[in-house]
Amino acid sequence: MRYYWLRDDQWGRIKELLPGKASDRGVTARDNRKFVEAVLWIARTGSPWRDLPEFYGHWHRVYVRYSRWSHKGVWLKVMEELSKEADFE
């Protein structure tokens, strides 16, 4: 089962803003898109983290990564980029 909340053009605009690229120092992220989709699933459904479908990975690891990105300001950059062409859907 696959759940996708981001269109390909939206993903293309934010993927270079995310940590874990091969060009970044440190660990390369396994699948940033799937992780972002997991966070969007939580946001759109309003479900608790524990209800995250296993397709996205273990809920606690997803939550910890989400929290780290929050503290680094990654989500703010992503939302600023995506809101440049807001369609209010």
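1 is the number of the first residue of the sequence shown in UniProt numbering; add one for each residue after it. By construction, the Cβ of each residue, glycine as well, lies at the ideal position given by its N, Cα and C atoms.
Checklist line | Rounded Cβ spacing between Gln10 and Leu76 (contact assumed at less than 8 Å) | finding: Not a contact, Cβ separation roughly 16 Å.
Item checked: Euclidean distance between Cα positions of Met19 and Ala29 -> Reading off the sequence shown, one finds Pro at residue 19, where the question assumed Met. In a straight line, the C-alpha of Pro19 is about 8 Å away from that of Ala29.
Checklist line | Cβ-based neighbour list, Val78, same chain, cut-off 7 Å, excluding 5 preceding and 5 following | finding: Ile14 and Leu17
Check: In whole angstroms, what is the alpha-carbon distance linking Trp49 and Phe35?
Finding: 13 Å
Checklist line | Alpha carbon of residue 102 to alpha carbon of Arg44, nearest angstrom | finding: Shown here, the chain extends from 1 to 89; a query on residue 102 therefore has no answer.
Item checked: Buried/exposed call for Val64, threshold 16 Cβ in 10 Å -> exposed
Check: Given that a residue counts as buried once 16 or more other Cβ atoms are within 10 Å of its Cβ, and exposed if not, what is Trp69?
Finding: buried
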